[in-house]
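Colleague:
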Amino acid sequence: AARWLAWRTPPRSRGPTRPGGVPHQRPPAPADVRGVVLLNTAVHRDSHTPPVIRLAHAVRGLTVSTTVFLRGTLALSRVRAGRPMDPATAEAYLAPYRGGRHRRRAIGNFIADIPLTDAHPSAGTLASIQAGVATLDDIPVFLAWGARDPVFSDRYLRDLERRIPHADVHRYPRASHLVIEDEPRVITDVLTWVHTRVVDPPADPPADPPAPVPDLNAALESAARTRPDAPALTMMGGRGGAEPTVMTWSELAARVHDAAGHLRARGVHGRVAMLVPPGPDAIAAIYACWRIGASVVIADRGLGVRGMRRALQSAAPTFAIAVRRARALTASIRVPTIAPAELRGPASAADVPPDPDPSPDVLAAVVFTSGSTGPAKGVRYRRAQVSRTCELLRTHYSLGESDVLVAAFAPWAILGPALGLASVIPDMDVTKPASLSADALVAAVRTARGTVLWASPAALTSVVRTAHRGGPIDDLRTLRLVLCAGAPVPPGLLEQVTALVPHAEVRTPYGMTEVLPATDVAASEIVTAGVGDGVLVGTPLPGVRVRVEPLAGGDLGEILVAAPHMRDGYDGLWGITAESPPGWHRTGDVGWRDGDGRLWVSGRRSHVIETPHGPVAPVGIEQQVQRLSWVRWCAAVGVGPAGTQAVVVIVIPDEGRGVWAGYDRSSEVRAAVRDSLGIDVAAVLQRSEFPVDVRHQAKIDRAALARWAESVLAGHR
């Protein structure tokens with residue numbers, strides 16, 4: 048690869064010389080190069096040469112006389128969850144170099160050939176390789192990177208990304224220096240990449256003329272012109288009777304303009320991490336970034352410090368806007384940080400250039416998933432995709448200037464200005480949806496005269512539980528539409544919510560961080576359809592296509608979605624993006640379509656129970672058990688080896704303690720599942736709470752529950 052890159056480099060008038068003054072000769076070109084795969088490596092030299100390399104240079108005699116260098120390299124490997132390399136594998140690496148110094152001479156030469164100064168004989172060759180990398184623009188490149196490598200850290204990955212901007216990248220968060228040994232899926236990803244990007248790349252579909260896409264700030268600026276004194280954002284006061292904070296459209300537009308000027312003056316560009324709680328500061332900063340053509344990186348603080356740090360490391364922001372308590376986090380990833388207060392007021396620089404008109408294909412946001420079924424993934428959205436999402440929401444739900452969005456799920460307050468909607472954020476902890484009380488919701492709706500409510504099942508469950516009476520709440524009468532999404536919604540909850548707001552239409556959009564919404568259904572239709580093997584999520588929205596790929600041995604299938612507003616891909620996770628067919632998103636959910644073409648969701652693919660009689664999804668079982676009067680929440684999991692798993696139901700009862708549900712309750716659960724679905728339940732256990740996702744607090748971590756149930760049934764608890 049080095050010889051080929053040097054060959055592609057334009058010739059120099061006076062090239063570097065080898066020791067002894069012999070000029071370098073251009074090596075012969077390979078006959079054909081179709082693609083390049085690079086694992087942790089580097090092509091540039093700077094003052095930050097890894098200490099390991101400097102140490103090896105200083106004592107490179109030891110690399111020949113001993114196996115210290117080899118053993119140190121192998122010690123960097125951390126296969127699967129931190130375990131060291133298997134001894135047999137390590138011995139295979141060591142075997143060729145045993146038997147004397149002559150076996151390790153090449154290692155010494157390798158270390159000696161690394162240029163640490165411009166005077167080094169190999170410095171010119173490395174410079175040629177650096178220049179040659181720039182000529183890879185016509186050749187596919189795949190960067191497979193171990194994120195925990197102490198030698199070739201992420202800074203070298205970012206350097207290669209700058210030099211090869213078209214490269215496909217997969218960053219393996221648990222892999223270290225020996226990427227292939229540390230992450231088994233690397234081989235599969237490389238072979239998939241070679242097949243799909245080199246051997247048999249898909250033909251580009253005929254391109255339609257691009258439709259005009261409005262700027263993400265257009266609706267905000269229009270509202271500032273047409274209704275400047277109308278409220279744009281209302282933050283409900285905290286407990287203790289604090290007055291709400293209200294910002295008008297003209298004030299919000301001015302905040303965005305000023306913030307954009309400050310960002311320009313500071314030279315902000317590229318990706319900007321947002322570590323600011325939802326509210327005026329966050330919204331002004333996000334729209335200011337979009338105004339100057341930058342993109343935003345959004346990760347819930349509910350991920351915890353460690354999860355947020357992993358997310359930000361993978362997204363590699365160039366700047367951060369952060370409140371004081373997040374400064375330690377931004378310092379740990381070494382990114383320049385701006386306080387929200389620094390973006391207020393007119394910009395001091397008089398020569399701030401005018402705002403650009405970014406292309407619809409410019410990256411708008413990297414939004415991290417909740418991490419409910421694995422590490423949180425960064426989802427890329429371009430400006431056109433964000434605009435299309437807003438347009439679909441606006442048209443499908445008939446959103447207009449008279450509507451006020453009650454954002455019980457705070458990220459939706461961010462889209463309020465892009466939709467041209469006034470927004471109100473209730474008094475709640477936005478990282479804990481279940482903290483929304485009926486009183487807090489009533490206060491928000493009454494203060495802002497809210498018309499549209501967006502909330503997760505956990506938030507609405509809390510509202511129902513804290514309502515002072517079971518009937519309609521008159522203060523919620525201004526609501527015309529209630530949207531509940533984020534996790535399967537039990538029909539019983541929908542009936543309770545409808546009882547609180549009988550004058551509003553209650554609907555449940557189905558989607559995910561990667562594409563939302565995809566389908567939609569009215570609560571009345573769900574109640575009429577009754578409890579089945581899953582949750583009815585309705586029919587695809589305009590422009591959305593849905594297909595179900597059958598699983599082996601059953602009627603269930605994995606759900607795939609395609610839509611114009613679908614995500615651009617996963618950030619730095621090419622292999623996971625490639626698991627979906629081109630133009631489609633593999634949701635990871637399983638379900639089926641009924642005779643009317645409606646989609647039913649039966650659970651996550653990773654939560655399917657592999658019984659001796661075929662795959663069984665959990666949601667259908669849970670829907671049946673949830674109907675029992677004493678069950679507040681439940682989960683169905685599989686215990687045992689795949690293909691022989693037994694179904695275990697875990698419940699959170701209204702009353703009762705202990706791990707075992709008891710004979711009567713167990714019999715009732717078994718009968719409910721057997722009579723409706725023909726499935727045998729092996730055991731019924733009890734818990735006081737379930738592990739759930741951090742964002743919606745409604746997606747049950749069934750994998751953790753399965754491990755707990757297996758431990759209980761084995762007599763370990």
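Under the numbering used here, residues 48 to 764 are what the sequence shown spells out, in order.
Glycine is no exception: its CB is placed at the ideal position from the N, C-alpha and C atoms.
These numbers come from a predicted model, not from an experiment.
1. Could you pull the start and end residues of the beta strand (DSSP E) that W631 belongs to?
2. To the nearest angstrom, how far is the alpha carbon of T1 from that of Q177?
3. Please name the residue in V595, A367 and D185 whose C-alpha comes closest to that of A386.
4. Can you tell me whether DSSP reads D185 as helix, strand or coil?
5. According to DSSP, is Q177 helix, strand or coil?
6. How long is the line joining the alpha carbons of R274 and W296, rounded to whole angstroms?
7. Closer than 6 angstroms by C-beta to A335: which residues in its own chain qualify, once you throw out the five before and the five after it? Chain order, please.
8. Is R679 near D701, with beta carbons less than 8 angstroms apart?
9. List the whole-angstrom C-beta distance separating D636 from R651, where the pair is believed to meet the contact cut-off of C-beta under 8 angstroms.
10. Taking the C-alpha atoms as reference points, what is the distance between R374 and R81?
11. Please identify the residue among A289, H104 and A153 whose C-alpha is closest to the C-alpha of P162.
12. With distances taken Cα to Cα, identify the nearest neighbour of R145 among G119, V591, A174 and V111.
13. With three or more beta-carbon pairs closer than 8 angstroms as the criterion, would you say the segment 314–327 touches the segment 502–510?
14. Measure from the alpha carbon of L85 to the alpha carbon of each residue in A514, A358, W240 and A331, then state which is nearest.
15. Decide if the segment 195–212 is in contact with the segment 86–96; the criterion is three or more beta carbon pairs, one per stretch, under 8 angstroms apart.
16. Take the Cβ of E669 as the centre, count every other Cβ of all protein chains shown within 10 Å, and call the residue buried at 16 or more, exposed below.
17. My guess is that L563 and P556 are in contact by the Cβ rule of under 8 angstroms, so how many angstroms apart are they, rounded?
18. Can you tell me whether DSSP reads H217 as helix, strand or coil?
19. Which same chain residues end up closer than 6 angstroms to P187 when comparing Cβ atoms and leaving out the 5 residues on each side of it in sequence?
20. Can you list, in chain order, the residues of its chain whose CB lies under 8 angstroms from that of V69, leaving out five sequence neighbours each side?
21. Of the residues E596, P688 and G539, which one's Cα is nearest the Cα of P659?
22. Check whether the segment 625–643 and the segment 598–610 are in contact - that is, three or more C-beta pairs closer than 8 angstroms.
23. Can you have a look at E138 and say buried or exposed, based on whether 16 or more other CB atoms are within 10 angstroms of its CB?
24. Decide yes or no for the touch test of the segment 461–468 against the segment 479–494: beta carbon pairs closer than 8 angstroms, at least 3 of them.
25. What did DSSP end up calling R554 once you bin it into helix, strand or coil?
26. Would V731 be called buried (16 or more neighbouring beta carbons within 10 Å of its own) or exposed?
27. Unbroken alpha helix (DSSP H) runs of length 4 or more, entirely within the segment 120–169: which are they?
28. Checking the sheet assignment: what are the DSSP bridge partners for G410?
29. Under a three-way DSSP split, which group does A394 fall into?
30. Do L603 and H217 have their CB atoms nearer than 8 angstroms?
31. Name the DSSP beta bridge partners of A454, please?
32. Give me the Cβ distance between V453 and A491, rounded to the nearest whole Å; I'm assuming they're in contact under 8 angstroms.
33. Rounded to the nearest angstrom, how far is the Cβ of W337 from that of L263, given a contact under 8 angstroms?
34. Which term fits S714, buried or exposed, when burial requires 16 or more other beta carbons within 10 angstroms of its beta carbon?
35. From the DSSP output, read off the bridge partner residues of F366.
36. Report yes if the C-beta distance between V666 and S649 is below 8 angstroms; otherwise report no.
Modeller: Quick answer:
1. Per DSSP, W631 belongs to no beta strand (DSSP E) and is neither H nor E.
2. Residue 1 cannot be examined here, being either before or after the span of the chain that is shown, 48 to 764.
3. Measuring C-alpha to C-alpha distances from A386 to each of V595, A367 and D185 identifies A367 as the nearest.
4. In the structure shown, the three-state DSSP call for D185 is helix.
5. Three-state result, Q177: helix.
6. Rounded to the nearest angstrom, the two C-alpha atoms are 7 angstroms apart.
7. Apart from sequence neighbours up to five positions away, the residues of its chain that approach A335 with a beta-carbon distance below 6 angstroms are V303, A306, A307 and L310, ordered along the chain.
8. Their beta carbons are under 8 angstroms apart, which means R679 touches D701 by this criterion.
9. About 6 angstroms separates the CB atoms of D636 and R651; that is less than 8 angstroms, so the two are in contact.
10. Looking at the two C-alpha atoms, the distance is approximately 45 angstroms.
11. Taking only the C-alpha atoms, the option nearest P162 is H104.
12. Cα-wise, what sits closest to R145 is V111.
13. Here the segment 314–327 does not lie against the segment 502–510, with fewer than 3 beta-carbon pairs under 8 angstroms apart.
14. Cα-wise, what sits closest to L85 is W240.
15. Judged by Cβ distances under 8 angstroms, the segment 195–212 makes contact with the segment 86–96, as three or more pairs qualify.
16. Counting Cβ neighbours within 10 Å, E669 comes out buried, since at least 16 surround it.
17. Confirmed, about 7 angstroms.
18. Three-state DSSP puts H217 in a strand.
19. The beta carbon of P187 sits closer than 6 angstroms to the beta carbons of G82, R244 and V245 from its chain, once the five residues preceding and following it are set aside; these are given in chain order.
20. Unreliable positioning characterises V69 in this predicted model, as indicated by a pLDDT of 45, which lies under 50. A coordinate reading is not provided.
21. Of the listed residues, the one whose Cα sits closest to P659 is P688.
22. Touching, yes.
23. With fewer than 16 other beta carbons inside 10 angstroms of its own, E138 counts as exposed.
24. In the pairwise beta carbon analysis, the segment 461–468 is classified as not touching the segment 479–494: fewer than three pairs are separated by under 8 angstroms.
25. Three-state DSSP puts R554 in a strand.
26. A residue is called buried once 16 or more other Cβ atoms fall within 10 Å of its Cβ, and V731 is buried on that count.
27. Here the runs fully enclosed are 126–129, 134–141 and 152–159.
28. The displayed chain sequence assigns Leu, not Gly, to residue 410. When DSSP reads this structure, L410 sits in a beta bridge with R429.
29. DSSP places A394 in coil when its eight states are reduced to three.
30. For the 8 angstroms CB-CB criterion, L603 and H217 do not form a contact.
31. In DSSP, A454 forms a bridge with W501.
32. Going by Cβ atoms, the distance from V453 to A491 rounds to 5 angstroms, so yes, they are a contact pair.
33. With a Cβ gap of about 5 angstroms, W337 and L263 count as contacting.
34. Per the 10 Å Cβ criterion, exposed.
35. Paired residues: V319.
36. In contact: V666 and S649 (Cβ atoms closer than 8 angstroms).
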